[in-house]
Every structure is written in structure tokens, then in C-alpha cells.
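Participant: In terms of the UniProt record's numbering, the sequence shown opens at residue 1 and continues consecutively.
Positions of the beta carbon are idealized from the N, C-alpha and C atoms, including for glycine.
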Amino acid sequence: MIRILIIEDEEYIADYINLALSKAGYDCECIHDGQAAADAIEQKRYDLILLDIMLPEINGYELMEYIKEFHTPVIFITAKTRLEDKVKGLKLGADDYITKPFEMAELTARVESVLRRYHKGKSRITIADMEIDIDSRTVKKAGQKVELTMKEMELLLLFVRNRNIALYRDRIYEEVWGGEYDGQSRTVDLHVQRLKKKLGLETSIITVRKIGYRLEVDE
1 MIRILIIEDE EYIADYINLA LSKAGYDCEC IHDGQAAADA IEQKRYDLIL
51 LDIMLPEING YELMEYIKEF HTPVIFITAK TRLEDKVKGL KLGADDYITK
101 PFEMAELTAR VESVLRRYHK GKSRITIADM EIDIDSRTVK KAGQKVELTM
151 KEMELLLLFV RNRNIALYRD RIYEEVWGGE YDGQSRTVDL HVQRLKKKLG
201 LETSIITVRK IGYRLEVDE
């Protein structure tokens, strides 16, 4: 199993990330200060580190210098939004840099991207009788290949990465279509209906009144 170390001094944020990534199938550990993190990195091996910059004891930039010796991929997660902070983090050797606040779908996608770059990521996701191959962008239902459009695949991955979480229509539209939802478009609803029909998910993708949709699966 992929092991991820979350180094974040705000415990509620660390717990939020931990919960979401654990649901996505990762083995996560949370540490809240730089010194304890350095000790853990020396004693254990991780596949990925999510690193805040503003930490007690040892800050994220200083810790990054130490992490480089272990050749572990790092994603900075920070409230520092200035370009010079991002450039500094990337020059120190971080693989990505994401600013707070962020959507978990974005963080999960970036985690998967970095892990794939190091040939550590999950290339397949299995839920019930459905298997999704992320690299080839293909889906099998009960062993049979199901043809999905590019947008249907993006929609499915969004639901899978946020399973059992209600997603607002505007967020779905922004994540999949990359634009601002005007509140009137039927694009989201039409694609969800097509996806449900193609994959037999009529009872699994639930309409949440006045919100949007939720993919319900047994954990």
C-alpha cells in the first residue's frame, strides 16, 4: 500500500486530508511539527510527503533540504500564495505546490500525478464490480469494457475520488468542464444520467436535493 506522510501543524486540516486520502486507499500518517517529522522520515520510508511550510520547530523549507537525501517525492501544501514562495519551493526540489484553500479532488489528482511520475501511483481503482484503469482511461463493468467519452470518464473519476460525499453541481461543472456554472445548464444532469445508464449505477449515484449528486458505495 502507498504510504503518505502528512506534515501539517493545523490538526483539523491534517485530519481532513488524512480522511480523504485514506478513503482513496492510501496509508496516511499525520505529524504536526518539523522536528517530529524529521525523526519519522529518518526511521521510516514513505512514498510521498505532503509538506506545509509554516511549521513549528523546523519549517517546511528547512525540512525539504533534509528530505532530499531520501529521494522521497514532496508536494508543498501551504497558505503562502506569492509566486516567489512557489518558485522557492520548487527550486528546493518539491514535485508540486498547492495553496490553501484547496478542493480535495484537486489534491487527490495531484497526489496521483506525482505518484505516477515515480511509478508508485495506483493505475487501477476497483469499486464493487467496476474496474477503472486511469492510465488507459478505460472502464470495465463485471469484466466487460464500457465505452465512455472523455467527459464521462472525468465525471466518473470525480465521483470515485469523492465517494460518499455530496457534490454540488457547480463544483462538478467546474472540475469536469473547467468553467463557471450558470445555474441553468443541464449539462451536468445529462452527463450524470448517461453515466448512470452506461455503468448501471442508477441506484449508486444518488440525487441530493438542492445540491447535486453523491456516489454511494460500501467502504
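#1: Helix or strand or just coil, what does DSSP make of residue 99?
#2: Is residue 130 buried or exposed, if buried means 16 or more other CB atoms sit within 10 Å of its CB?
#3: Taking the alpha-carbon positions, what's the residue 209 to residue 75 distance?
#4: Does the stretch 141-151 come within contact of the stretch 32-47, defined as at least 3 CB pairs closer than 8 Å?
#5: Assign residue 91 to one of three DSSP states: helix, strand, or coil.
#6: On the CB-based measure, 16 or more other CB atoms within 10 Å of its CB, does residue 64 come out buried or exposed?
#7: Given this structure, state the Cα-to-Cα distance separating residue 2 from residue 185, to the nearest angstrom.
#8: Note down the Cα distance separating residue 45 from residue 29, rounded to an integer number of angstroms.
#9: What's the gap between the Cα of residue 200 and the Cα of residue 137?
Facilitator: By the coordinates alone:
#1: strand
#2: buried
#3: 36 Å
#4: no
#5: helix
#6: buried
#7: 39 Å
#8: 12 Å
#9: 18 Å
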